[in-house]
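Asker: Residue numbers (the numbering used here): 143 to 424.
Where is the CB? At the ideal position from N, CA and C, for every residue including glycine.
Here you go, one structure.
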């Protein structure tokens, strides 16, 4: 991956070629988005816009053919890259991710059109199968359309964030070894924002079932901050990478439970700064 980043940074023609080809190929738009973000982070907004223009051409073609994912991820990651370059603050990026995620959600709803209803109908039928468990059956009373839109919103918002992290890690690998690691370890949300997110999740249930659409987006900054805290703890105590591998394996098997724990961990850290009382390991 470092060789790819190095190729992108060699010159404008190489960068344009890579981002255009990646945006043209199915499921590789994230490479294009990371390339645009890398140029923006390193060389500035002006150069980033020039590369963005070329990356958007195949992304727009994909959008016209019915797949707006490339368009949403490339454009949103560029916007957040501009913010990160100017502010050098990951908490601000996570704060901005929420309104950008809302815009992505409505963009997907508009461009996907009736396919959202089709997917919702399929999901509804699956939930109504005789083999469905009680926990699955509870979804039949929800607006399955909101559930589908919520999943799409959460997936694309996470993709945007991961693309930006990849671009930042490329930049660090090429020009500032270890820089991204330090930034990620220091990631801690402002207390007001963490409380606001949790309040939105808790109180949103009283506002109607459409809030299902926003749960993943609202919890994402807290989840990412929780993961960052665990990374910091492992580095602080010198536990080794095995602990991080265990974390991600457990996320695969115990996702909802561990995600909930990480969310509350991030909330507590935002309010009370858990890092203060933990000494460094030997």
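#1: Straight-line CA distance for residue 184 to residue 313?
#2: Measure the C-alpha to C-alpha separation of residue 250 and residue 231 and round it to an integer number of angstroms.
#3: Counting pairs of beta carbons, one from the region 358–367 and one from the region 337–350, are three or more of them closer than 8 Å?
#4: Check whether the Cβ of residue 391 sits closer than 7 Å to any heavy atom of the ligand MG, and report yes or no.
#5: Name the two residues that bound the continuous alpha helix (DSSP H) containing residue 83.
#6: With burial defined as no fewer than 16 other Cβ atoms inside 10 Å of the residue's Cβ, what is the status of residue 257: buried or exposed?
#7: For the alpha helix (DSSP H) that residue 383 lies in, which residues bound it at each end?
#8: Looking at residue 157: is its Cβ nearer than 8 Å to the Cβ of residue 150?
#9: Among 368, 224, 321 and 214, whose alpha-carbon lies nearest the alpha-carbon of residue 190?
#10: Would DSSP call residue 323 helix, strand or coil?
#11: For the region 297–315 against the region 167–177, are there 3 or more C-beta pairs whose distance is under 8 Å?
#12: Compute the distance between the beta-carbons of residue 331 and residue 408, then report whether it is under 8 Å.
#13: Inspect the beta-carbon positions of residue 295 and residue 359 and report whether they are closer than 8 Å.
#14: To the nearest whole angstrom, what separates the beta carbons of residue 242 and residue 171, a pair I think is in contact under 8 Å?
#15: My assumption, with CB atoms under 8 Å, is that residue 299 sits in contact with residue 179. Please give the rounded CB distance.
#16: Whole angstroms are fine: how far does the CA of residue 168 sit from the CA of residue 202?
#17: Roughly how many whole angstroms lie between the Cα atoms of residue 144 and residue 345?
#18: Determine the burial state of residue 392: buried for a count of at least 16 other Cβ atoms within 10 Å of its Cβ, exposed for fewer.
#19: Within 8 Å (strictly less), CB to CB, does residue 421 reach chain B?
#20: Relative to the alpha-carbon of residue 291, which residue among 356, 268, 376 and 210 has its alpha-carbon at the smallest distance?
#21: How many angstroms separate the CA atom of residue 390 from the CA atom of residue 325?
#22: Output the boundary residues of the alpha helix (DSSP H) element that contains residue 192.
#23: Starting from residue 296 and walking both ways along the alpha helix (DSSP H), at which residues does that stretch end?
#24: Smallest Cα separation from residue 353: which of 329, 319, 417 and 287?
#25: Identify whether residue 148 lies in helix, strand or coil by the three-state DSSP scheme.
#26: Is it right to say residue 165 is buried, meaning 16 or more other beta carbons lie within 10 angstroms of its own, or is it exposed?
Answerer: With the structure as the only source:
#1: Within the chain shown, the letter at position 42 stands for residue 184. Within the chain shown, the letter at position 171 stands for residue 313. Taking the straight line joining both Cα atoms gives about 7 Å.
#2: Your numbering for residue 250 matches position 108 in the chain shown. Your numbering for residue 231 matches position 89 in the chain shown. About 28 Å.
#3: yes
#4: The model on display carries no ligand, and the ligand MG is accordingly not part of it.
#5: What is shown of the chain runs 143 to 424, which leaves residue 83 out entirely.
#6: Taking the first residue of the chain shown as position 1, residue 257 is located at position 115. Exposed is the call here.
#7: As a first step, residue 383 is located in the chain shown; it is residue number 241 there, counting from the start. Counting along the chain, the alpha helix (DSSP H) containing residue 383 begins and ends at 383–395.
#8: Residue 157 sits at position 15 when you count from the first residue of the chain shown. Residue 150 sits at position 8 when you count from the first residue of the chain shown. The answer is yes: Cβ separation under 8 Å.
#9: Numbered from its first residue, the chain shown carries residue 190 at position 48. Considering only alpha carbons, the answer is 224.
#10: Reading the chain shown from its first residue, position 181 is the one you call residue 323. DSSP places residue 323 in helix when its eight states are reduced to three.
#11: yes
#12: Stepping through the chain shown from its first residue, residue 331 is reached at position 189. Stepping through the chain shown from its first residue, residue 408 is reached at position 266. A contact, by the Cβ cut-off of 8 Å.
#13: Numbered from its first residue, the chain shown carries residue 295 at position 153. Numbered from its first residue, the chain shown carries residue 359 at position 217. Yes, the Cβ-Cβ distance between residue 295 and residue 359 is below 8 Å.
#14: Walking along the chain shown from the start, residue 242 turns up at place 100. Walking along the chain shown from the start, residue 171 turns up at place 29. Wrong, their Cβ atoms sit about 17 Å apart, outside the cutoff.
#15: Translated into positions along the chain shown, residue 299 becomes position 157. Translated into positions along the chain shown, residue 179 becomes position 37. The pair is not a contact, with the Cβ atoms about 15 Å apart (cut-off 8 Å).
#16: Mapped onto the chain shown, residue 202 falls at position 60. Mapped onto the chain shown, residue 168 falls at position 26. Each residue's Cα considered, the two are about 13 Å apart.
#17: As a first step, residue 144 is located in the chain shown; it is residue number 2 there, counting from the start. As a first step, residue 345 is located in the chain shown; it is residue number 203 there, counting from the start. Roughly 44 Å between the two C-alpha positions.
#18: Position 250 of the chain shown holds residue 392. Flag for residue 392 reads exposed.
#19: In the structure shown, chain B cannot be found, because there is only a single protein chain.
#20: Counting from 1 along the chain shown, the entry for residue 291 is found at position 149. Answer by Cα proximity: 356.
#21: Residue numbering aside, residue 390 sits at position 248 when the chain shown is read from its first letter. Residue numbering aside, residue 325 sits at position 183 when the chain shown is read from its first letter. Looking at the two C-alpha atoms, the distance is approximately 20 Å.
#22: By one-based count along the chain shown, residue 192 stands at place 50. 187–206 is the span of the alpha helix (DSSP H), which, as asked, contains residue 192.
#23: In the chain shown, the residue the question calls residue 296 occupies position 154. Element bounds for residue 296: 286–317.
#24: Here residue 353 refers to the residue found at position 211 when the chain shown is read from its first residue. Answer by Cα proximity: 287.
#25: Translated into the one-based positions of the chain shown, residue 148 becomes position 6. Three-state result, residue 148: helix.
#26: Reading the chain shown from its first residue, position 23 is the one you call residue 165. Buried.
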